[in-house]
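Reading through the structure tokens given below for one structure.
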Amino acid sequence: MIKDLITHYHNVTVTRYFLLLSLLILMFPAFAVHERGSEEVSGWQYRWGDSPFIDGMPQWISPPQNANAKWTDINSPVKPPNRDKHNTVWFKGELPDSGHQYLNPVLYITSIDLMAEVYIDSKKIYQFGNFDQKDKKSFYGWPWHSISLPADYAGKTIYFRVFSNYRDIGLWGEVKLLEQSSLLFYILKNAYFEVLVALFSLFVTIITFAFSMMQKNDHHFLYLSAFSLTSAVMLLSENQAVQFVFNYPLFRVYLLAISYYALPVIICLLLSSWSTAWQKNWLKKIAYFHSSYLIIVISLAMLGVIELAPTFPVFDALFAISIILIIGLGLSMRPLLGSDQYFVMWSFTVYGIFLLLDMGIANSVLPWINLDISIAALIFSLVLMLISLRHYSHVQKALKELNDHLEIKVSERTASLHAYAEAEQERAEQLHRLNMLGAKLEELNSQLQACHDLNEARKMLVSKLPEVFLPVEVKVIASNENEPFNLVLAQIELQEVDGSYSVFVYIMLTNASSKFLIPRENLDDLISRVKLRLGVTLSSIKLREELQRFSFEDALTGLRNRRYFDEALYRETQLSNRQQDSLSLLICDIDHFKRFNDEYGHEAGDYVLKTLAHLMHEFFRETDIPCRYGGEEFVVIMPNATLANAVDKAEALRNTIAKKSIEFNGDDLGHITISIGIANLSLHSLNSEQLLTEADKALYKAKQLGRNRVESVQL
Numbered sequence: 158m159i160k161d162l163i164t165h166y167h168n169v170t171v172t173r174y175f176l177l178l179s180l181l182i183l184m185f186p187a188f189a190v191h192e193r194g195s196e197e198v199s200g201w202q203y204r205w206g207d208s209p210f211i212d213g214m215p216q217w218i219s220p221p222q223n224a225n226a227k228w229t230d231i232n233s234p235v236k237p238p239n240r241d242k243h244n245t246v247w248f249k250g251e252l253p254d255s256g257h258q259y260l261n262p263v264l265y266i267t268s269i270d271l272m273a274e275v276y277i278d279s280k281k282i283y284q285f286g287n288f289d290q291k292d293k294k295s296f297y298g299w300p301w302h303s304i305s306l307p308a309d310y311a312g313k314t315i316y317f318r319v320f321s322n323y324r325d326i327g328l329w330g331e332v333k334l335l336e337q338s339s340l341l342f343y344i345l346k347n348a349y350f351e352v353l354v355a356l357f358s359l360f361v362t363i364i365t366f367a368f369s370m371m372q373k374n375d376h377h378f379l380y381l382s383a384f385s386l387t388s389a390v391m392l393l394s395e396n397q398a399v400q401f402v403f404n405y406p407l408f409r410v411y412l413l414a415i416s417y418y419a420l421p422v423i424i425c426l427l428l429s430s431w432s433t434a435w436q437k438n439w440l441k442k443i444a445y446f447h448s449s450y451l452i453i454v455i456s457l458a459m460l461g462v463i464e465l466a467p468t469f470p471v472f473d474a475l476f477a478i479s480i481i482l483i484i485g486l487g488l489s490m491r492p493l494l495g496s497d498q499y500f501v502m503w504s505f506t507v508y509g510i511f512l513l514l515d516m517g518i519a520n521s522v523l524p525w526i527n528l529d530i531s532i533a534a535l536i537f538s539l540v541l542m543l544i545s546l547r548h549y550s551h552v553q554k555a556l557k558e559l560n561d562h563l564e565i566k567v568s569e570r571t572a573s574l575h576a577y578a579e580a581e582q583e584r585a586e587q588l589h590r591l592n593m594l595g596a597k598l599e600e601l602n603s604q605l606q607a608c609h610d611l612n613e614a615r616k617m618l619v620s621k622l623p624e625v626f627l628p629v630e631v632k633v634i635a636s637n638e639n640e641p642f643n644l645v646l647a648q649i650e651l652q653e654v655d656g657s658y659s660v661f662v663y664i665m666l667t668n669a670s671s672k673f674l675i676p677r678e679n680l681d682d683l684i685s686r687v688k689l690r691l692g693v694t695l696s697s698i699k700l701r702e703e704l705q706r707f708s709f710e711d712a713l714t715g716l717r718n719r720r721y722f723d724e725a726l727y728r729e730t731q732l733s734n735r736q737q738d739s740l741s742l743l744i745c746d747i748d749h750f751k752r753f754n755d756e757y758g759h760e761a762g763d764y765v766l767k768t769l770a771h772l773m774h775e776f777f778r779e780t781d782i783p784c785r786y787g788g789e790e791f792v793v794i795m796p797n798a799t800l801a802n803a804v805d806k807a808e809a810l811r812n813t814i815a816k817k818s819i820e821f822n823g824d825d826l827g828h829i830t831i832s833i834g835i836a837n838l839s840l841h842s843l844n845s846e847q848l849l850t851e852a853d854k855a856l857y858k859a860k861q862l863g864r865n866r867v868e869s870v871q872l
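Encoded structure:
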């Protein structure tokens, strides 16, 4: 209810202002004070050229010279005929002798083109412009003039010396005698309507500009605001009443020129926003042309290159053509225009007709009448005001509908926020539980990182991972062969060295209903975190195992390498000495292996080395440690093996290799033989280096005695 009252108040207020302004415009003449009376100057005559001056006084107004001068009668002192190249003309007229008594008589002149001096009784009583500097600057604007007359003016001759390098020359408009106190009311009576229309146009400018700010994607209200503003400035700049408070005529003429020259630019931009492509093209060309004229002319006039006055008739001719083109283009757009746009176009057409008439009067194409162009400006402003009020009504209606819609939305939003608050509370509790589960997961992951191998890691997951999922009841197993697959909650995968994945453990539900104790999305998030975090850690353990294996393994044969052999021999020697156990060490060397490589190639040689390594895996016990010592040499550490045991194993290995035919890539490479040296530790005071030295000596002895044999030494 309150919102409806406010909306109604706004509507009434705007309408009240609109009606009040309209009433002032229409009813002000009833309050205007009429002047006490006026009289005309009669008997006008003119004379081309300029008078000679003696002691600063023109000779043409002195009695003997004036009596013999050739003056020509003229109806009014404006634009005498036969000008040729004259820029100076003299006018004279008879002041009325009606017996009418004025306390302070003044002669009112609407305008002068362009400078003037006024004389009575050989005395200069008024001057506008500096005749001595007329070649430098001759245009001072177009103000109205109030010339004070002497008390004994009646029946006397008044002389006007006029200079103009402009197309027009003389006194333009009205020339009449009246009381000085009546002049103010006479000016106000003639100017009040223009002032009110200009103020009304400014008011419309503000309203339309406000609407343009609300419709940033639609510029037509902005153009309407600009057009209304230029109309107001144009009316105020040439309004006679403004001269009472702002007596700078040249500055006012510049304002007039700028606003007047901008009119076709703005109306073309406005119409182009409503038109089709070809119409828009023409309107933009007209706008660009007049914009260029405005900028160039005003700039050159301000710089003193040209005078501003002669640019008006040129613009009038161009603008007259543009008005006809604009109206024609506007009529061609009638099918495209809405009601508001149609009224704007109609009001501009009226405005354009008034402008054409005003141009005809100003350029003497039509006889002079006091044409009030503010009537056209008022019609245009009233149309804009009505459009604005209509738009304002639509906006208010839309705002009311929006407010009703917002009230419904606010109610819905309030209920939604209440439900959201409850959901957030539940979510906070769930997040707390998830944080606790996350903390348990991180703790388990830290413990898992300390595991030495995957077997230890699997045992830890089986025992501790179920605690992470509580209150969901699960168990962790290495295989689900004996379990229903539908109870598998998740599986943790291990990335192999080759990039493939294998299942490391399965997470099985022991109580299927317990999984509903945690929201599905939260449980899925926990499972993803478990798989990601533990999968990375398990892969790290796997990689650590592989790196350890690769560091002690010969890449070609798969046997332990020299580094592992040195550590193992040292460890086994120490154990044998401490426990008084027997320990045997074998060193094997392939006979003439260099020649074999040279004859069959290194690939065949590598195949022989791998074949020998495979046979050594088969011949020796699991507790024995075969290693590749380097090149074609192999060693075997045999803990708890006597010398006889070691010799028997060595002979069996030698005989097997000697009988084995080597085939590689389909070719028979023949047979190879090996020589073996054996050292047995029986004196438990020797170290690993001494044992290795003695075994090497035994191998050397086997080589010396013809190869393909076993030699041993007891220590």
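Quick note on our numbering: the sequence shown kicks off at 158 and runs consecutively. Glycine is no exception: its CB is placed at the ideal position from the N, C-alpha and C atoms.
Own chain residues within Cβ distance below 7 Å of residue i, not counting five before or after
i	result
residue 844	730
residue 352	396, 398
residue 859	832, 833, 834, 866, 867, 868
residue 211	none
residue 624	597
residue 417	391
Contacts around residue i, its chain only, beta-carbon distance under 6 Å, and the 5 residues preceding and following it disregarded
i	result
residue 381	365, 541
residue 186	Any reading at residue 186 needs caution, since the residue's pLDDT is 45, under 50, leaving its predicted position unreliable; the model's value is listed next. Nothing meets the Cβ criterion.
residue 648	660, 663
Inter-residue Cα distance where the pair is residue i and residue j
i	j	result
residue 121	residue 726	Beyond the ends of the chain as shown, which are 158 and 872, falls residue 121; an answer cannot be given.
residue 715	residue 771	9 Å
residue 606	residue 594	18 Å
residue 609	residue 759	39 Å
residue 615	residue 650	12 Å
residue 698	residue 753	42 Å
residue 837	residue 761	34 Å
residue 665	residue 644	6 Å
residue 852	residue 743	7 Å
residue 685	residue 701	24 Å
residue 520	residue 470	7 Å
residue 261	residue 308	7 Å
residue 689	residue 695	10 Å
residue 675	residue 781	55 Å
residue 568	residue 362	40 Å
Limits of the beta strand (DSSP E) - the one that residue i falls within
i	result
residue 249	245-251
residue 834	831-838
residue 196	195-197
residue 437	Segment 434-459 is the alpha helix (DSSP H) holding residue 437; no beta strand (DSSP E) there.
residue 783	782-787
residue 280	280-285
residue 631	631-634
Burial state of residue i, where buried means 16 or more other Cβ atoms lie within 10 Å
i	result
residue 405	exposed
residue 301	buried
residue 577	exposed
residue 452	exposed
residue 531	buried
residue 809	exposed
residue 408	exposed
residue 320	buried
residue 250	buried
residue 488	exposed
residue 498	buried
Residues bridged to residue i (per DSSP)
i	result
residue 796	740
residue 508	The partner list for residue 508 (beta bridge, DSSP) is empty, contrary to what the question assumes.
Other residues of its chain near residue i: CB distance less than 8 Å, five sequence neighbours each side excluded
i	result
residue 463	454, 457
residue 788	750
residue 802	741, 795
residue 192	Interpretation of residue 192 is limited by its pLDDT of 45, a score under 50 that renders its predicted location unreliable; the figure taken from the coordinates is listed afterwards. So the qualifying residues of the chain are 335, 336, 339, 340, 342, 343, 346.
residue 518	524, 525, 526, 528
residue 198	250, 251, 252, 253, 264, 315, 332, 333, 334
Segment limits, alpha helix (DSSP H) that includes residue i
i	result
residue 771	759-776
residue 412	406-429
residue 391	377-394
residue 371	337-371
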